[in-house]
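This is the structure:
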């Protein structure tokens with residue numbers, strides 16, 4: 128999607144899916160962070176005007192409403208204590224003014240919590256995030272890191288270099304959700320103009336993308352190679368331990384963009400995958416505007432036989448803990464849950480495909496309640 132020139136614009140259906148992932152993730156993960164650390168910070172790096180044509184709300188108000196309406200008492204207590212921060216960055220002065228107006232209107236109508244005062248910054252993501260990171264690095268040096276979620280949703284490809292992602296992810300308890308604008312990146316991959324190579328080098332954090340541009344002619348292969356290169360760079364250079372992507376297709380069923388989530392927390396990864404499963408329950412992590420417009424969620428049942436096969440291929444002949452299996456499932460497969468869906472049928476089949484090495488007294492076959500239970504893959 129090209130950058131709109133108006134203050135507000137229409138919303139497409141895959142943007143709704145993106146916002147649903149954001150809403151589900153924040154709703155699940157925020158109370159966990161508050162329980163662990165007592166505070167949390169959310170930064171929307173490309174906040175926009177806060178709404179779309181027709182009145183649908185944008186990501187800043189989704190984050191705000193998720194907090195204000197959250198049923199967990201610990202979240203409401205943190206808001207009252209003033210330990211929840213919302214920071215919205217928007218470079219366009221008219222859009223930031225529109226967002227400010229929306230927040231004032233909402234506060235007037237709903238009487239929002241006085242301790243939750245979103246901060247709107249008018250400026251570019253690179254300049255303003257640099258200032259915020261300097262503050263965050265100082266807080267970390269003083270032993271006061273704040274769990275921070277950064278939503279990076281730009282138009283185009285020249286506003287979120289990998290070096291900035293690396294700096295964010297180098298801090299403890301920081302996570303990123305990045306809109307990788309594949310359609311525009313791919314469209315200009317082989318086009319020659321003065322600053323393109325510099326922008327692409329900064330985006331990927333390497334010049335390896337040039338090999339894709341020169342050697343790959345097949346569209347699917349080119350898409351896969353760009354996706355895999357960016358994922359690799361987030362892991363190898365960007366200091367993310369875990370990376371998960373979600374593919375968004377447009378009304379022509381062509382890939383529009385990818386959402387990339389980067390975290391160093393296995394629990395954060397689990398909650399993001401649950402949020403993605405809420406939008407695509409096939410485990411394929413895709414959403415397409417080409418699908419039935421009256422069917423907002425994809426409801427095909429996941430095939431857990433595939434997960435059983437993956438587990439067997441990865442662990443055959445090994446003894447591993449349930450915790451190790453969980454990390455593998457979350458980090459390396461599309462699936463989220465695995466105990467009753469994969470381990471149980473593998474143990475109960477004849478002959479069994481797995482065996483519990485250290486069963487607890489009175490353990491019921493097909494139950495795996497402890498992370499340190501050891502499973503032998505036969």
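Residue numbers (this note's numbering): 128 to 505.
Every residue, glycine too, gets a C-beta built ideally from N, C-alpha and C.
Close beta carbons around residue 291, own chain, < 7 Å, minus the five adjacent residues each side: The count along the chain shown starts at 1 and reaches residue 291 at position 164. Cβ within range, chain order: 253, 256.
Do residue 177 and residue 229 come within 8 Å of each other at the CB atom, strictly closer than that value? Numbered from its first residue, the chain shown carries residue 229 at position 102. Numbered from its first residue, the chain shown carries residue 177 at position 50. Going by C-beta atoms, residue 229 is nearer than 8 Å to residue 177.
For residue 134 and residue 184, I'd like the C-alpha separation in whole angstroms. Here residue 134 is taken as the residue at index 7 of the chain shown, counted from 1. Here residue 184 is taken as the residue at index 57 of the chain shown, counted from 1. Near 14 Å, if we compare the C-alpha coordinates of residue 184 and residue 134.
Is residue 217 buried or exposed, if buried means 16 or more other CB atoms sit within 10 Å of its CB? As a first step, residue 217 is located in the chain shown; it is residue number 90 there, counting from the start. Per the 10 Å Cβ criterion, buried.
Extent of the continuous beta strand (DSSP E) run through residue 252: One-based indexing of the chain shown puts residue 252 at position 125. From DSSP, residue 252 is part of no beta strand (DSSP E) but of the alpha helix (DSSP H) over 252–268.
Does DSSP put residue 305 in a helix, a strand or coil? On the chain shown, position 178 is the one that residue 305 refers to. The answer is strand: DSSP assigns residue 305 an E or B state.
For a test of the three-state rule: what should DSSP assign to residue 422, helix, strand or coil? Translated into positions along the chain shown, residue 422 becomes position 295. Only weak support exists for where residue 422 lies, its pLDDT of 36 falling under 50; the coordinates are left without a value.
Considering only their Cβ atoms, is the gap separating residue 174 from residue 282 smaller than 8 Å? As a position in the chain shown, residue 282 is number 155, starting the count at 1. As a position in the chain shown, residue 174 is number 47, starting the count at 1. No, Cβ-Cβ distance for residue 282 and residue 174 is not below 8 Å.
Look at the Cβ atom of residue 399, then the Cβ atom of residue 152, and state whether they are nearer than 8 Å. Within the chain shown, residue 399 is the residue found at index 272, counting from 1. Within the chain shown, residue 152 is the residue found at index 25, counting from 1. Yes, they are a contact pair.
Would you kindly work out how many angstroms separate the C-alpha atoms of residue 371 and residue 389, rounded to a whole number? Numbered from 1 along the chain shown, position 244 holds the residue referred to as residue 371. Numbered from 1 along the chain shown, position 262 holds the residue referred to as residue 389. Each residue's alpha carbon lies about 7 Å from the other.
With DSSP run on the structure shown, which of helix, strand or coil describes residue 416? Here residue 416 corresponds to residue number 289 of the chain shown, with the count starting at 1. Because residue 416 carries a pLDDT of 48, less than 50, the predicted location of this residue cannot be relied on, and no value is offered for it.
CA-to-CA distance, residue 188 to residue 266, given in whole angstroms: Here residue 266 is taken as the residue at index 139 of the chain shown, counted from 1. Here residue 188 is taken as the residue at index 61 of the chain shown, counted from 1. Computed Cα separation, rounded: 27 Å.
Ends of the alpha helix (DSSP H) at residue 357? Numbered from its first residue, the chain shown carries residue 357 at position 230. Element bounds for residue 357: 346–363.
Report yes or no: do three or more beta-carbon pairs, one from the stretch 243–251 and one from the stretch 269–277, lie closer than 8 Å? no
Given a cut-off of 8 Å on the beta-carbon distance, is the pair residue 214 and residue 246 in contact? As a working mapping, residue 214 is identified with position 87 in the chain shown. As a working mapping, residue 246 is identified with position 119 in the chain shown. Yes, Cβ-Cβ distance for residue 214 and residue 246 is below 8 Å.
Under the rule that 16 or more other beta-carbon atoms within 10 Å means buried, what is residue 149, buried or exposed? Taking the chain shown and counting its residues from 1, one reaches residue 149 at position 22. Residue 149 comes out buried.
In angstroms, rounded to a whole number, what distance separates the CA positions of residue 416 and residue 140? In the chain shown, counting from the first residue as 1, residue 416 sits at position 289. In the chain shown, counting from the first residue as 1, residue 140 sits at position 13. Confidence in residue 416 is poor, its pLDDT being 48 and thus under 50, which makes the residue's placement unreliable; the coordinate value appears in the next sentence. Rounded to the nearest angstrom, the two C-alpha atoms are 6 Å apart.
Helix, strand or coil for residue 375? Go by DSSP, reduced to three states. Within the chain shown, residue 375 is the residue found at index 248, counting from 1. Note: residue 375 maps to strand in three-state DSSP.
Option in 315, 170, 155 with minimal Cα separation from residue 201: The sequence position of residue 201 within the chain shown is 74, counting from 1. That would be 155, whose Cα lies nearest to the Cα of residue 201.
Cβ of residue 323 versus every heavy atom of the ligand ZN: is any distance shorter than 7 Å? As far as ligands go, the structure on display features none, and thus does not contain the ligand ZN.
Closer than 8 Å is the cut-off here; do at least three beta carbon pairs connect the stretch 344–357 with the stretch 313–333? yes
If you draw a straight line from the C-alpha of residue 422 to the C-alpha of residue 385, how long is it? Taking the first residue of the chain shown as 1, we reach residue 422 at position 295. Taking the first residue of the chain shown as 1, we reach residue 385 at position 258. Reliability fails at residue 422, whose pLDDT of 36 lies under 50, so the model's placement of it is uncertain and no value is given.
Would you check if the distance between the CB atom of residue 225 and the CB atom of residue 186 is smaller than 8 Å? Numbered from its first residue, the chain shown carries residue 225 at position 98. Numbered from its first residue, the chain shown carries residue 186 at position 59. It is not a contact, given that the beta carbons lie outside the stated cut-off.
Roughly how many angstroms lie between the CA atoms of residue 219 and residue 268, to the nearest whole one? On the chain shown, position 92 is the one that residue 219 refers to. On the chain shown, position 141 is the one that residue 268 refers to. So the alpha carbons of these two residues sit roughly 33 Å apart.
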